[in-house]
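For reference, the structure discussed in these notes is given below.
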Amino acid sequence: MFNSQVVSGLEKHETPFYYYDIAGLTANVRACEEASSKYNFHVHFAMKANFNRRVLDVIQTAGFGADCVSGGEVKKALESGFSGKSIVFAGVGKSDAEINLALDNDIFCFNVESVQELEIINELAEKKGKRASVAIRINPNVDAHTHHYITTGLDENKFGINSWDLPKVIDTLKASKNLEFVGIHFHVGSQITDMNVFKSLCVKVNEMQQWFEERGVAIKVLNVGGGLGVDYHHPDQNVVVDFESYFKIFNDFLDVKPHQEVHFELGRALVAQSASLITRVLYLKHGIKKNFAIVDAGMTELMRPALYQAYHKIENISDLAFSKELKSYDVVGPICESSDCFAKEIELPELSRGDLLAIRTAGAYGEVMASAYNLRPSIRSVYSDEI
Ligand SMILES: Cc1ncc(COP(=O)(O)O)c(C=O)c1O
Ligand SMILES: N[C@@H](CCCC[NH3+])C(=O)O
């Protein structure tokens, strides 16, 4: 991603900022499109991972739909050129205003997360004289083997409807004239690198669809969510994700009937490698036990390390040739929180004030999770085809 020409282009911009590799993003999105279309799979981009205008342009151009979790995301998807018919809308706490917005725009379907939500969507659709397409988000109780903060598909998580509530779901669907049941939806968690998790998910989906069909409820849509992980340790070796193997698992293990469609909601895997957070070294403090590199980006610009102790590779791009000796640093930000730390005791070519660092694999859940805490200004973005 970085060479001396790119770095001299980046030097002209005020730090911190997100640097997007548009060519890398396009290649990755294209690889996903090619691998999924082999099986006629439908991909919706999980906008929560990134809603940068340039990123959405690349994804929308590839023909993917959008997976939204708020009225704001539904609105943004529509403004960015995604059609209402390509939008799926999940979330445990959809407000009436958000449901009405989605109804007004005839979205593809609501992924419904409780029996009460089904009743409310039915009521609101009735008021508009519409029928709302709904899929039931089922909590699959499959362990994603990922960080416990980003696992979503266990009985103890707030997401989805638990299996013991499904008979009630069927009764509600039968009694609701303004709902059109299209299928079932699952999502086990995020940053999943163990492919066996997806095999277990397929087994669960097969069981669940059989359960519905035995009760005379036909299923058109099987939505298996997202969650495919990326390699945070080797960003340059894995710019393009192995979508081939991922989709093959669903083709091999999911029991798909001829009239059914399979839908995915990928976020991280599409965008994570497309951006780095570029930050400048402000100060160096040499302690007795530690050296601190204090940089001008903080947890307000990239929250993942503070929130999940997430690893992001850090490079000193002012010394691409590794001309200086390696030294150990804690790389910390300027925010008034001890958790405002990007990495502890990592080795970098000796740093000087003014050096540029790249915090890699920051394209997913980076820019979108920025906050104004400490009255920080909004984070800027720079694009590879504009430097
Ligand atoms: C319902 C749902 N779909 C899709 C995603 C996207 O996940 P990922 O970015 O891991 O692909 C998430 C986030 O975990 C989610 O909660
Ligand atoms: N925001 C998380 C992932 C949560 C995905 C949404 N359910 C991350 O940064 O890894």
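Numbering (UniProt numbering), first residue to last: 1 to 387. Glycine included, C-beta positions come from ideal geometry on N, C-alpha and C.
Can you give the Cα-Cα distance for residue i and residue j, rounded to whole angstroms?
{"i": "isoleucine 107", "j": "isoleucine 87", "result": "5 angstroms"}
{"i": "arginine 30", "j": "histidine 44", "result": "14 angstroms"}
{"i": "glycine 91", "j": "lysine 285", "result": "44 angstroms"}
{"i": "residue 413", "j": "threonine 172", "result": "The question about residue 413 has no answer here: the residues shown for the chain are numbered 1 through 387."}
{"i": "alanine 97", "j": "glycine 71", "result": "8 angstroms"}
{"i": "serine 200", "j": "alanine 144", "result": "10 angstroms"}
{"i": "glycine 363", "j": "glutamine 273", "result": "6 angstroms"}
{"i": "residue 388", "j": "leucine 266", "result": "In the structure as shown, the chain begins at 1 and stops at 387. Residue 388 is therefore absent and cannot be evaluated."}
{"i": "phenylalanine 51", "j": "leucine 270", "result": "12 angstroms"}
{"i": "tyrosine 246", "j": "leucine 356", "result": "36 angstroms"}
{"i": "histidine 185", "j": "glycine 225", "result": "7 angstroms"}
{"i": "alanine 23", "j": "serine 384", "result": "8 angstroms"}
{"i": "glutamate 214", "j": "glutamate 261", "result": "19 angstroms"}
{"i": "asparagine 105", "j": "histidine 187", "result": "24 angstroms"}
{"i": "serine 114", "j": "valine 69", "result": "15 angstroms"}
{"i": "tyrosine 308", "j": "methionine 299", "result": "11 angstroms"}
{"i": "glycine 366", "j": "valine 230", "result": "14 angstroms"}
{"i": "lysine 76", "j": "glycine 93", "result": "19 angstroms"}
{"i": "arginine 131", "j": "phenylalanine 181", "result": "10 angstroms"}
{"i": "valine 58", "j": "isoleucine 219", "result": "32 angstroms"}
{"i": "phenylalanine 212", "j": "glycine 333", "result": "51 angstroms"}
{"i": "glutamate 119", "j": "serine 176", "result": "8 angstroms"}
{"i": "proline 235", "j": "phenylalanine 243", "result": "16 angstroms"}
{"i": "serine 381", "j": "valine 240", "result": "22 angstroms"}
{"i": "glycine 183", "j": "serine 8", "result": "51 angstroms"}
{"i": "glutamate 207", "j": "methionine 195", "result": "19 angstroms"}
{"i": "serine 95", "j": "glycine 65", "result": "22 angstroms"}
{"i": "cysteine 32", "j": "methionine 47", "result": "16 angstroms"}
{"i": "glutamate 14", "j": "alanine 275", "result": "17 angstroms"}
{"i": "phenylalanine 2", "j": "leucine 320", "result": "8 angstroms"}
{"i": "arginine 268", "j": "glutamine 60", "result": "16 angstroms"}
{"i": "serine 338", "j": "valine 197", "result": "35 angstroms"}
{"i": "aspartate 340", "j": "isoleucine 192", "result": "25 angstroms"}
{"i": "lysine 158", "j": "valine 217", "result": "25 angstroms"}
{"i": "isoleucine 249", "j": "asparagine 374", "result": "45 angstroms"}
{"i": "valine 112", "j": "histidine 259", "result": "22 angstroms"}
{"i": "valine 134", "j": "glutamate 11", "result": "49 angstroms"}
{"i": "serine 36", "j": "asparagine 223", "result": "14 angstroms"}
Between the Cα of residue i and those of the options, spot the shortest distance and give me the residue it belongs to.
{"i": "aspartate 296", "options": "Ala321, Cys336, Asp319", "result": "Cys336"}
{"i": "asparagine 162", "options": "Asn141, Leu179, Ala175", "result": "Asn141"}
{"i": "threonine 279", "options": "Val58, Phe64, Ala293", "result": "Ala293"}
{"i": "serine 323", "options": "Leu348, Asp340, Ser339", "result": "Leu348"}
{"i": "glutamate 315", "options": "Val281, Asp340, Ala306", "result": "Val281"}
{"i": "residue 389", "options": "Asp340, Leu302, Ala343", "result": "What the structure shows of the chain is the stretch from 1 to 387, and residue 389 is not part of that stretch, so it cannot be assessed."}
{"i": "arginine 353", "options": "Ser381, Gly366, Lys344, Ser318", "result": "Ser318"}
{"i": "arginine 304", "options": "Tyr232, Asn291, Ile249", "result": "Tyr232"}
{"i": "aspartate 330", "options": "Asn291, Val368, Ile120", "result": "Asn291"}
{"i": "alanine 343", "options": "Tyr311, Thr193, Asn178", "result": "Tyr311"}
{"i": "glutamate 126", "options": "Gln191, Asn178, Ile346", "result": "Asn178"}
{"i": "alanine 49", "options": "Ser328, His259, Ile387, Leu228", "result": "Leu228"}
{"i": "glutamate 350", "options": "Glu325, Val368, Lys168, Asp340", "result": "Glu325"}
{"i": "arginine 376", "options": "Leu101, Gly129, Pro16", "result": "Pro16"}
{"i": "lysine 85", "options": "Ile387, His42, Glu11", "result": "His42"}
{"i": "isoleucine 170", "options": "Thr26, Val205, Gln116", "result": "Gln116"}
{"i": "aspartate 252", "options": "Val203, Phe264, Ile138", "result": "Val203"}
Please confirm whether any heavy atom of ligand 2 lies closer than 8 angstroms to the CB of residue i.
{"i": "arginine 304", "result": "yes"}
{"i": "alanine 310", "result": "yes"}
{"i": "methionine 208", "result": "no"}
{"i": "tyrosine 232", "result": "no"}
{"i": "methionine 369", "result": "yes"}
{"i": "alanine 364", "result": "yes"}
{"i": "aspartate 179", "result": "The identity of residue 179 in the sequence shown is leucine, whereas the question assumes aspartate. Outside the cutoff, so no."}
{"i": "leucine 307", "result": "yes"}
Contact set, ligand 1 heavy atom to C-beta under 5 angstroms: Ala46, Ala49, Ala90, His187, Ser190, Gly225, Gly226, Gly227, Glu265, Leu266, Gly267, Arg268
Segments assigned alpha helix (DSSP H), at least 4 residues, entirely inside the stretch 151–204: 166–175
3 or more residues per run - each beta strand (DSSP E) lying fully within the stretch 299–361: 314–316, 326–332, 341–349, 356–359
Whole runs of the beta strand (DSSP E) within the stretch 203–238, excluding any shorter than 3 residues: 221–223
Any beta strand (DSSP E) of 3 or more consecutive residues that is wholly inside the stretch 97–149: 109–112, 132–137
Segments of 4+ residues assigned as alpha helix (DSSP H) that fall wholly inside the stretch 237–296: 243–253, 268–271
Runs of beta strand (DSSP E) wholly within the stretch 7–75 (minimum 3 residues, chain order): 17–20, 42–46, 65–68
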